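Enquirer: Sharing a structure, written as structure tokens. Questions coming.
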Amino acid sequence: MNKPHEAAPSLLEIKDLRVEFATRQGVATAINGVNLSLQRGRSLGILGESGSGKSVTARTIMGLLDTPPARVTHGQILLNGEDLLAVNAKRRRSLNGASVAMVFQDALSALNPVHPVGRQIGELYRVHRGYSRAAAKRAAIEMMDRVRIPAAAKRVNDYPHQFSGGMRQRIVIAMALALDPELLIADEPTTALDVTVQAQILELLKEQQSENNMGLILITHDISVVREVTDEVAVMYAGRIIERGPTAELLAHPAHPYTRGLAASIASEELKGQQLPAIPGSPPDLLRLPQGCSFAARCPLADQACTATIPVLQPVALQRDTACFKSEEVLVHA
Amino acid sequence: MLGYTVRRILQMIPVLLGATFIIYALTFLMPGDPISALTGERPLPEATVAQIRQAYHLDDPFIIQYGNYILGVFRGDFGIDFFGRPVLDLILERLPATFALAMTAWVLKLFVGLIIGVYGGLRRGQAGDHFALVFTVLFMGVPGFVIALGAQTYFGVHLGWVDPAGIRAGWPMAFILPALVMALEAAAGLARLTRTSLVDVLRAEYLRTAKAKGLSPKRIIWGHALRNAMIPVVTYLGLSLAGMLGGAVIIEAIFNIPGIGGLMVSSINNKEGTIVVGIATLLVLVYLVFNLLVDLTYGLIDPRVRI
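From first to last, the protein sequence lines are chains A and B. In terms of our numbering, the first sequence has 737 at position 191, counting the first letter as 1, and numbering is strictly consecutive. In terms of our numbering, the second sequence has 247 at position 97, counting the first letter as 1, and numbering is strictly consecutive.
Below, the structure is given as structure tokens:
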């Protein structure tokens, strides 16, 4: 009989991660004790607005933070049990692109303008696997086919500016998938695209994730993207995860007032003709985080307990955790 | 590509006409009379003066004189000076020295400027970068002739490593000091441009991508950053080579190098308009040709502007 802690380690396990940024005005806390785990073949959406720490989380996992000004002050990021924050630069490089890969928001600026796309994809095979130039090019064409870029063999020598926005994002995805990574992090992969193209790119990501049994972290501010793609979702606010659980369940019955507010601010058929409900106020200053719950100032349910102590993640339902003193109330009324 | 080149060459014609017209007008308006400048204190007989004026079309209206001149230029005839020597021969005789000086200076500048610029860009904010900044500001701030005279006195006279002036020693020894002075002055600008450009590129998203791909720092810098950083630098380098031919005038005078700079100065003093305009026209032409070459080679480094 296997006890849970004897099972194979999770693909990714983030333990109490804290990241600070040194700014002119003082130290800003971008990530304030984040815990996450992701199993192989599962997908996790990280939902949050600008400044919630979702992109910083992604960059910390990839080792792409500029240090300084950023500094990881605490925590572990375990990939198959290996702490990415403790490995040396060489080991880090051998993992990046091969075991963990990333898809960026703006494909045009994520691609080098002076190199043909085939060379940028092929570079991964050359560097990580020692392929010859010709073999790397063949592999790049294969990848371009896989992400369904038409006439890949003809377009392999084209430059990024010669592709449309959607095709460019496919190239970035091809680059990320080239070495069959175990974990793919997509940071707002569709934000810069037209709505119709967005759907195609999400479809592609979803399909590649399940076909290759990959772990996927999808970072977005867009609830509908999370709903479309991911198995689980973690909602971030002011550097903390305030709610997490299975996507459909959590979005249908939020247990945190912030998530409830987000879900309510989506345009829908019932709200036609009415003004969309918005969450009043703005997120707290990361330089001066409040003593209690960081959402208390904007929360309709906040009382003294909320402004005095920070609520921690507590189970509220099966597989669901919420960091709110009022979660039961929210869950019942939502 | 061919169509573009032909179009660009055709575009050079109005530019050349405009530039020569302005220079011609300016020499035409120069105070003093060419013939009295020619003879000095002793006046010539009226008849002789009239004969010379007629031979050189000096009494024709300005626009006719210019028209005659420009028609000649398009046939490769730059006119003759007051001693009957073709202006083109005079210029071509002096051109090699200027060319050797400008090219040597340009190559030196390229090395010094790029090395300092890349070093400063990669070590931004560190001691080496600050040192490079001080170095560049120093050479940008001090007038060129001061550095030239100082270098001439110290290395030429005091230490005697090279001849202080003249080109008897031939290339490269006679050119090394004046070229170095020109190079250091110009390298400052190049270094700053290179540094700024590299610093910009180092912030680019695609370098983050390169890091996410697990590339080594060396590969990121050499494979992804430098070529992008060189895009504005190449334009500058191409145009500055043409600029150096013109900028050699002062240095030529200080180091007594018989180039077109010296010819230009003496021609201005002697009111020999044909030579002045000839040199200026040639420099404009060189500038235009280099400009074209830069634009044509630009696509090699930046595929976004490939024609």
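Even glycine gets a Cβ: it sits at the ideal position worked out from N, Cα and C. Owing to the predicted nature of the structure, the values given are computational and were not obtained by experimental measurement.
1) Going by alpha carbons, who is nearest to A:Ala653 out of A:Asp733, A:Leu641, A:Tyr671 and A:His620?
2) Pick out whichever of A:Asp849, A:Gly591 and A:Val663 has its Cα sitting closest to the Cα of A:Ala722.
3) Beta-carbon of B:Lys368 versus every beta-carbon of chain A: anything under 7 Å?
4) Which residues of chain B have a Cβ atom closer than 7 Å to the Cβ of A:Ala656, listed in chain order?
5) Under 7 Å, Cβ to Cβ, is there at least one residue of chain A near B:Pro471?
6) Nearest chain B C-beta to A:Met689 closer than 7 Å, yes or no?
7) In chain order, what residues of the same chain have a beta carbon less than 8 Å from the beta carbon of B:Pro195, not counting five sequence neighbours either side?
8) Is A:Gly594 near the ligand MG, in the sense that its beta carbon is under 6 Å from a heavy atom of that ligand?
9) Please state whether DSSP places A:Tyr783 in a helix, a strand or coil.
10) Go ahead and pull the three-state DSSP assignment for B:His308.
11) Taking only runs of the alpha helix (DSSP H) that begin and end inside the segment 363-422 of chain B, which ones reach a length of at least 4 residues, in chain order?
12) Would a C-beta distance cut-off of 7 Å place B:Val436 and B:Leu389 closer than the cut-off?
13) Would you mind working out which of A:Ala848, A:Pro836, A:Ala863 and A:Lys752 sits nearest A:Phe871, comparing C-alpha positions?
14) Can you tell which of B:Lys259, B:Ala205, B:Met253 and B:Gly222 has its C-alpha closest to the C-alpha of B:Phe233?
15) Does the distance from the CB of B:Ile410 to the CB of B:Thr248 come in under 7 Å?
16) Given that A:Arg639 touches chain B, what residues does it touch there, using C-beta distances under 8 Å?
17) Taking Cβ-Cβ distances shorter than 9 Å, what residues in chain B pair up with A:Met782?
18) Show which residues of chain B have a CB atom less than 7 Å away from the CB atom of A:Leu670.
19) For A:Val602, which of A:Phe567, A:Ala647, A:Val741 and A:Val779 has the nearest alpha-carbon?
20) Return helix, strand or coil for A:Asp691, following the three-state DSSP convention.
21) Take B:Arg274 and list the residues in its own chain whose beta-carbon comes closer than 7 Å to its own, dropping the five residues that flank it on each side.
22) Pick out whichever of B:Leu443, B:Pro293 and B:Lys368 has its Cα sitting closest to the Cα of B:Ile401.
23) Using the three-state DSSP reduction, which class does B:Pro184 fall into: helix, strand or coil?
24) For B:Leu260, which residues of its own chain have a beta-carbon under 7 Å away from its beta-carbon, when the five flanking residues on both sides are left out?
25) Under the rule that 16 or more other beta-carbon atoms within 10 Å means buried, what is B:Thr447, buried or exposed?
26) If we ignore side chains and look at the alpha-carbon of each, how far apart do A:Phe709 and A:Thr619 end up?
27) State the start and end residues of the unbroken beta strand (DSSP E) segment that holds A:Pro861.
28) Going along the chain, which residues of its own chain have a beta-carbon closer than 8 Å to the beta-carbon of B:Val223, five neighbours each way excluded?
29) Taking Cβ positions only, does B:Arg274 come closer than 7 Å to chain A?
30) Ordered along the chain, which non-local residues of its own chain (more than five positions away) have a Cβ less than 6 Å from that of A:Gly791?
31) Report the rounded CA-to-CA distance for A:Val779 versus A:Phe841, giving the unit in angstroms.
32) Report the residues of the segment 802-821 of chain A with a CB closer than 9 Å to any CB of chain B, ordered along the chain.
33) For chain A, is any of its Cβ atoms less than 7 Å away from the one on B:Met151?
34) Compute the Euclidean distance between the alpha carbons of B:Leu152 and B:Val439, then round it to the nearest angstrom.
35) Can you name the start and end residues of the beta strand (DSSP E) that A:Leu582 belongs to?
36) Where are the alpha helix (DSSP H) runs, 4 residues long or more, that stay fully inside the segment 751-781 of chain A, in chain order?
Expert: Concretely, from the data shown:
1) Selected option, being the one with the closest Cα: A:Asp733.
2) Of the residues A:Asp849, A:Gly591 and A:Val663, the one whose Cα lies closest to the Cα of A:Ala722 is A:Val663.
3) False, the Cβ-Cβ gap to chain A never drops below 7 Å.
4) Here the neighbours are Glu355, Tyr356 and Thr359.
5) Nothing about residue 471 of chain B can be reported from this structure: the residues present for chain B run from 151 to 457 only.
6) Taking Cβ atoms only, chain B never reaches closer than 7 Å to A:Met689, which makes this a no.
7) Cβ within range, chain order: n/a, list empty.
8) As far as ligands go, the structure on display features none, and thus does not contain the ligand MG.
9) DSSP, reduced to helix, strand and coil, places A:Tyr783 within a strand of the structure shown.
10) Three-state DSSP puts B:His308 in a helix.
11) Note on the segment 363-422 of chain B: whole alpha helix (DSSP H) runs with a minimum of 4 residues are 376-404 and 410-419, in chain order.
12) Their beta carbons are not under 7 Å apart, which means B:Val436 does not touch B:Leu389 by this criterion.
13) Comparing Cα positions, the closest option is A:Ala848.
14) Closest by alpha carbon: B:Ala205.
15) Their beta carbons are under 7 Å apart, which means B:Ile410 touches B:Thr248 by this criterion.
16) Going along chain B in sequence order, the residues near A:Arg639 (Cβ under 8 Å) are Gly364, Leu365 and Ser366.
17) Around A:Met782, no beta-carbon contact reaches into chain B at under 9 Å, the shortest distance being about 21 Å.
18) In chain order: Lys363.
19) Among A:Phe567, A:Ala647, A:Val741 and A:Val779, the Cα nearest to that of A:Val602 belongs to A:Phe567.
20) Three-state DSSP puts A:Asp691 in a helix.
21) So the qualifying residues of the chain are Val349.
22) With distances taken between Cα atoms, B:Ile401 lies closest to B:Pro293.
23) B:Pro184 falls in the helix class under three-state DSSP.
24) Cβ neighbours of B:Leu260 beyond the five flanking positions: Leu387.
25) Flag for B:Thr447 reads exposed.
26) Spanning the alpha carbons of A:Phe709 and A:Thr619 requires a straight line of approximately 41 Å.
27) Looking at the DSSP string, the run of the beta strand (DSSP E) that includes A:Pro861 is Gln860 to Ala863.
28) These residues qualify, in order along the chain: Thr170 and Thr431.
29) The beta-carbon of B:Arg274 is placed no less than 7 Å from the nearest beta-carbon of chain A.
30) Excluding positions up to five away in sequence, the list reads Gln865 and Arg866.
31) If you take the alpha carbons of A:Val779 and A:Phe841, they lie about 19 Å apart.
32) Within the segment 802-821 of chain A, no residue qualifies.
33) Taking a beta-carbon distance threshold of 7 Å, B:Met151 does not count as an interface residue toward chain A.
34) It is roughly 15 Å from the alpha-carbon of B:Leu152 to the alpha-carbon of B:Val439.
35) Gly572 to Leu584 is the extent of the beta strand (DSSP E) around A:Leu582.
36) Fully enclosed alpha helix (DSSP H) runs of 4 or longer: 769-775.
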